[in-house]
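K.L.:
For the sequence shown, the positions run -20 to -1, 1 to 776 when mature numbering (1 follows the signal peptide of the UniProt record, and there is no 0) is used. Below are the structure tokens for one structure; questions will follow.
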Amino acid sequence: MDRRLLVSLIFLLAIDLVSAYVIEDTFSGTGEVFDEISDLEDVQERNLPKDPLVHIPRLREKHKDSFLEVSQEDAFETIKTRAMELAANECSNITVKERNLEAERESSLRPNYQAFQHGSKNFMTDEQYNAAAKSEKCSACVLNTLCNDTSIRQLLGIDTSLSEREQVRRCKRIILRRAMRIMPEEEESIECDEDAKYRTINGTCNNLKNPEFGSINTKFERLIPADYGDCISTLRESVTGHPLPNTREVSFKVHGSNADGLNPNSRVLSHLAMNFGQFMDHDLSLAEAQGVNCEPPEDKEEPECINIHIPKSDMIFRDRYIKFIEMEREAFIKPDSFCKLEVREHPNTITAYIDASNVYGSTDEIAESLRAADGLLLVMKHPHGCQFKSLLPAQVDGFCPTRNFFEPCFFSGDIRNNENPGLNSVHTIFVREHNRIATFFIKNTDWDPEKIYQETRRIVGAELQIITFGEFLPLLLSEHTRKEFGLVLLEGEEYFTGYDKEVNAQILTAFAVAGYRFGHSLVQELFNRFSQDGFEHKCSKCSKDKLQFQPIPVLDFNNPAPLYSVFKGGVDAILRGLLKDPAAKADGRFSTSVQENLSRGEGDTSDLIAINIRRGHDRGLPSYTRFRRVCGLPLVSNFSDLVTVAGLDKKVVAILEKVYKRVQDVDLFTGGMLEPSDPKGGELSATFQCILANQFKRTKIGDRFWHENAPNATLNTDKTALNRCQLKEIRKTRFSRIICDNSDDITSIQKDALMQSSVRCSCDELPKINLKAWTTDCPSSDSVYSDEPEDTHDEF
């Protein structure tokens, strides 16, 4: 280890430690109040949007008598001396067993299951793993050696009445948090064109002050600090120091098997809301895999395998001879310097912005492979003839197990599009939307193909922002929450003036790993398919076969065939089913398709709920009770509070108490899903509304290309902003209209595609964007742009 590096680091820590403090613990030695104040400080100091639910002044006033100072001079001399000893002894020869990941993948019996989720090229390299693992080992060694020294803990003012374990953990947290604040990361040198009108494909240069913000392969952000077992990288533990419960046991016992059919329908959301939510998730986040072979023998040394063992009492899996769910830890980021005191973090391999990267890709390589020469996107001509609209292009290199050589899987901007036919249908609609708009520009302008492509991409990205904030979030979040966090879209020609170049729009770990995974509870067992008559209820005398085609089992994962089958309705029939059917309720119950029959490839069956919870352990995601605190919700300090304070069902809490040792152990995904919907409105619980609102606020105010942004030369939005005519037109966007414009023969639809409704209107009655706002000069900002009558040539 570089001795000078460690000495310099500890010196900087010592300067900052004058603000160290001790908090009296009012929760019987659990450390809850200490974590509460630390977490809230972290939210305030990390350039996150200011959360109105966080009340830092109240907490500081409450605990003002507990803040103690430490002598800077004494701290420096003591820690400097100890650091020299560390550099010379305990942490100087850190080694790890070097790993050949490529060989691991080749030896795997089920090599494809990771590729379904992460892509065939999206793996951590051997060099990255070996360097990162060594650095983590060294960091853990430094922390352990420092904080196992009672003199260091006394120096930091740690309360000696606490247990030894709690003293050590508090010592580590103090040192880590100050190290992370005062040791800025080395930033990659990125050259940006400040006058660029369009986004980069990889997300760089959106933020000109910090060009890497929101770009690919940058780390997920944290709403509150990570909670790893060793404070650096090991799986989260119980507050007792023991392992957390088996996550398949949590899934089976707490969330319950849906074999009894008690998975209620949503009263509001259409099944399309589930697939649109999934589509948008794939525009925002994708973790990276390590590519480790985690198959038996299980006694082999592989710390990155976190397989979920099936309890002996779980006959649902045991009867199928399934003894474990194979699972590896996700790839993590190599620190920019060896032995840097920081926790394990993970890269987001796609852009964090709502920029339609799921349509266009997040790398130049993918974007180029999806483009046609004339500004259009590549498509596949429908095999049943030109009377049907085109499909997505065929996947050339991938792991989708197509059943028919003449019906290949599809290729899109995101590698997960083939997971189910509903998702693939949404992808198809937006690729057609690009080509519909681009064709208008080809016919009505003299623009070159690059401008046609970029202007169309810009419009499609804006459409997704409007659907997400104008149609999707209003169903999930209460009006109160949306107003508090500034998530309500403006109207008319009004511009948004809240762009903040200090905000990193990168995705929060809590959002990606737990909060946004609420969508897994919306999944039904079937994708129903309807004819137009069956969709509109107009054909009472028709046979059922003419009204409804055979449904598609959701558990038939990664099968592209239904999109080709025009004799069973093709894409249109799938979309009609999504529009007509309700989603399942956003609660703690799940379909058997994802909880007991999730297939990630041949020979693999798993439980998505158990995986979600386990992924939280992997990523050091703090507990449900800690997120309630940081969201300013009433505190939960014991299991009975889950009923009286958080509103959970009494019977479910009784089961939770049997599975978890302490209420502070309850996982965020489990607690957030079991918590009832917020009484103020919205389909989600108050805890999950807080997490989603935090994320979408930073998504909006941290995006220099946000469609509502006002032109401002100081903020470099003068080139990127829409003019007032375009702004007025783009605000006519409705998901239902996009479906109408890009289906084969859907002629009527509900106005709000993501809401259940038996009331349909003609597609012609829905508002339509006038694309001439992009091809003609806009009148002065004080004028009102009005549509001109369009001839047949302009009907796009």
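Just so it is clear, CB atoms sit at the ideal spot from N, CA and C, and this is done for glycine as well. None of these values were measured; they are calculated from a predicted model.
Suppose you measure from the CA of Leu(-12) to the CA of Ala269; what does that come to, to the nearest Å?
P.N.:
Here Leu(-12) scores only 46 on pLDDT, less than 50, and its place in the model is too uncertain to base an answer on.
K.L.:
Using DSSP with H/G/I as helix, E/B as strand and the rest coil, what is Gln367?
P.N.:
coil
K.L.:
What residue range is occupied by the uninterrupted alpha helix (DSSP H) comprising Ile681?
P.N.:
For Ile681, the enclosing alpha helix (DSSP H) begins and ends at Ala666 to Ile681.
K.L.:
Any idea which residues DSSP pairs Glu201 with across the strands?
P.N.:
Beta-bridge pairing links Glu201 to Leu488.
K.L.:
Kindly indicate if chain E contains any beta-carbon less than 8 Å away from that of Arg717.
P.N.:
Of the protein chains in the structure, only one exists, and it is not chain E.
K.L.:
When you compare the region 548 to 564 with the region 594 to 602, are there three or more beta-carbon pairs, one atom per stretch, that lie closer than 8 Å?
P.N.:
no
K.L.:
On the DSSP letters alone, give me the boundaries of the alpha helix (DSSP H) that Ala563 sits inside.
P.N.:
No alpha helix (DSSP H) holds Ala563; the beta strand (DSSP E) holding it covers Pro562 to Ala564.
K.L.:
Scan the region 435 to 514 and note each continuous beta strand (DSSP E) run of 3 residues or more that stays entirely inside, going in chain order.
P.N.:
506 to 510
K.L.:
Is the separation between the beta-carbon of Asn110 and that of Glu78 shorter than 8 Å?
P.N.:
yes
K.L.:
Applying the criterion that 16 or more other CB atoms from any shown protein chain within 10 Å of the CB defines a buried residue, is Asp354 buried or exposed?
P.N.:
exposed
K.L.:
Scan the region 287 to 347 and note each continuous alpha helix (DSSP H) run of 4 residues or more that stays entirely inside, going in chain order.
P.N.:
Qualifying alpha helix (DSSP H) stretches, in chain order: 295 to 298 and 337 to 340.
K.L.:
Alpha carbon to alpha carbon, how far is Glu582 from Met653? Give it in angstroms, no decimals.
P.N.:
30 Å
K.L.:
How about Asn182 and Thr408: do their beta carbons lie closer than 8 Å?
P.N.:
no
K.L.:
Assign Ser657 to buried or exposed, taking buried as 16 or more other Cβ atoms, counted over all protein chains shown, within 10 Å of its Cβ.
P.N.:
buried
K.L.:
Taking Pro373 as the reference, which of Met260, Gly682, Ala566 and Val359 has the closest Cα?
P.N.:
Val359
K.L.:
Have a look at Asp647, Pro225 and Ala418 and flag the residue whose alpha-carbon is nearest the alpha-carbon of Tyr433.
P.N.:
Ala418
K.L.:
Taking the alpha helix (DSSP H) that Gln575 belongs to, which residues open and close that run?
P.N.:
Thr572 to Gln575
K.L.:
List, from N- to C-terminal side, the beta strand (DSSP E) runs of 3 residues or more that fit wholly inside the region 388 to 413.
P.N.:
none
K.L.:
Hey, which unbroken runs of the beta strand (DSSP E) at 3 residues or more fall wholly within the region 604 to 678?
P.N.:
none
K.L.:
Would you kindly work out how many angstroms separate the C-alpha atoms of Val739 and Asp732, rounded to a whole number?
P.N.:
10 Å
K.L.:
Take Pro223 as the anchor and find which of Gly209, Ile681 and Asn703 has the nearest alpha-carbon.
P.N.:
Selected option, being the one with the closest Cα: Gly209.
K.L.:
Exposed or buried, Ile170, counting other C-beta atoms within 10 Å across all chains shown (16 or more means buried)?
P.N.:
exposed
K.L.:
Leaving aside the five residues before and after Leu535 along the sequence, list all residues of the same chain whose C-beta is less than 6 Å from its C-beta, in chain order.
P.N.:
Ser573 and Asn577
K.L.:
Considering only the beta carbon of each residue, do Ser218 and Arg642 sit closer than 8 Å?
P.N.:
yes
K.L.:
Starting from the C-beta of Asn696, find all residues in its chain whose C-beta is less than 6 Å away, skip the five residues before and the five after it, and write them out in chain order.
P.N.:
Excluding sequence neighbours, Asn696 sits near Glu174 and Leu188.
K.L.:
So Ile447 and Phe685 are supposed to be a Cβ contact under 8 Å. How far apart are they, rounded?
P.N.:
Going by Cβ atoms, the distance from Ile447 to Phe685 rounds to 17 Å, so no, they are not a contact pair.
K.L.:
DSSP puts Gly581 in a beta bridge; with which residues?
P.N.:
Asp584
K.L.:
With a threshold of 16 other CB atoms inside 10 Å of the CB of Phe510, please say whether the residue is buried or exposed.
P.N.:
buried
K.L.:
Which first and last residues belong to the beta strand (DSSP E) in which Val248 is found?
P.N.:
Unbroken beta strand (DSSP E) run through Val248: Asn245 to Ser250.
K.L.:
Nearest CA to the CA of Val632: which residue from Val234, Gly194 and Thr220?
P.N.:
Scanning Val234, Gly194 and Thr220 for the CA closest to the CA of Val632 turns up Val234.
K.L.:
Tyr333 to Tyr340, Cα distance in whole Å?
P.N.:
13 Å
K.L.:
Could you spell out the range, first to last residue, of the beta strand (DSSP E) harbouring Ile532?
P.N.:
Gln528 to Pro533
K.L.:
Would you call the region 186 to 204 and the region 322 to 337 in contact, with 3 or more CB pairs under 8 Å?
P.N.:
yes
K.L.:
When the distance is taken between beta carbons, is Ile132 closer than 8 Å to Cys118?
P.N.:
no
K.L.:
Taking the C-alpha atoms as reference points, what is the distance between Ala253 and Leu734?
P.N.:
Answer to the nearest angstrom: the Cα atoms are 5 Å apart.
K.L.:
How is Asp767 classed by DSSP in three states: helix, strand or coil?
P.N.:
Only weak support is given to the placement of Asp767: the predicted model assigns it a pLDDT of 41, under 50, and the question is left unresolved by the model.
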